[in-house]
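So for the sequence shown, numbering that gives the first Met the number 0 puts the first residue at 0; every next one is plus one. Glycine included, C-beta positions come from ideal geometry on N, C-alpha and C. Down below is the structure, laid out as structure tokens.
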Amino acid sequence: MIQLNVVALTDLCHLCIPDMIAKGEGGIINVGSMASLSPIPYAGIYSSTKAYVLMFSEAIRYEYQSKGIQIMALLPGGTESEFAKVATEKSEKLTRRNEKRTGSTIGMQTSAEVAIEGLAAFEKNKQYILCGRNNRLLFSLTKLMTRKGVLNFTGSMFKKIAG
């Protein structure tokens with residue numbers, strides 16, 4: 000996770016930015032996660048590296064915006080993808096149970112929905128986009144909680160997945 004979300008992301012941005020500066024324009028969308036917005040027990044490295052994606056993206060956006068480079072962090076929540084399928088056996092069981100009960104994966108967007116929402120936000124020059132109305136609602140509710148309350152909430156959710 001650290002190699003992918005911190006080292007590779009940083010290296011790729013620094014590799015691409017000089018050419019964008021030379022052209023006087025360019026754009027980068029870094030894929031973070033809703034998990035970047037709060038600490039997640041049982042997924043601490045994941046949420047921490049995704050927080051890096053968000054913070055780094057915001058920082059370099061500020062540094063390079065005057066050079067015509069647009070940088071945005073894309074923050075999807077649960078997304079129907081290969082990653083979601085293989086993340087953990089428990090999460091698959093929870094997803095299947097939700098699908099049986101409701102006919103859909105609750106709170107999950109398709110990859111296409113995330114991409115469409117992300118590109119629309121990028122076209123509007125947004126700093127970041129938290130994808131999905133349900134995810135934005137959930138995040139707004141966490142703003143009403145104490146930091147400890149958010150930690151307890153995410154911890155109880157992810158403890159079920161971690162087993």
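Under the three-pair Cβ rule at 8 Å, the region 10-27 does not count as touching the region 133-153.
At least 8 Å separates the beta-carbon of Lys49 from that of Ser37.
For the pair Gln69 and Asn134, the CB atoms are not nearer than the 8 Å cut-off.
Ile44 is positioned such that its CB atom lies closer than 8 Å to that of Met0. Residue environment analysis places Arg60 among the buried positions, since at least 16 neighbouring C-beta atoms fall within 10 angstroms of its C-beta. As for any alpha helix (DSSP H) of minimum length 4 sitting wholly inside the region 29-64, the runs are 43-63, ordered along the chain.
Beta-bridge annotation (DSSP): Thr78 is paired with Gln108. Under the criterion of beta carbons closer than 8 Å, Met107 and Gly77 qualify as touching, at roughly 4 Å. Annotation for Leu8: the continuous alpha helix (DSSP H) segment containing it runs Leu8 to Lys22. Collapsing the DSSP output to three states places Gln126 in coil.
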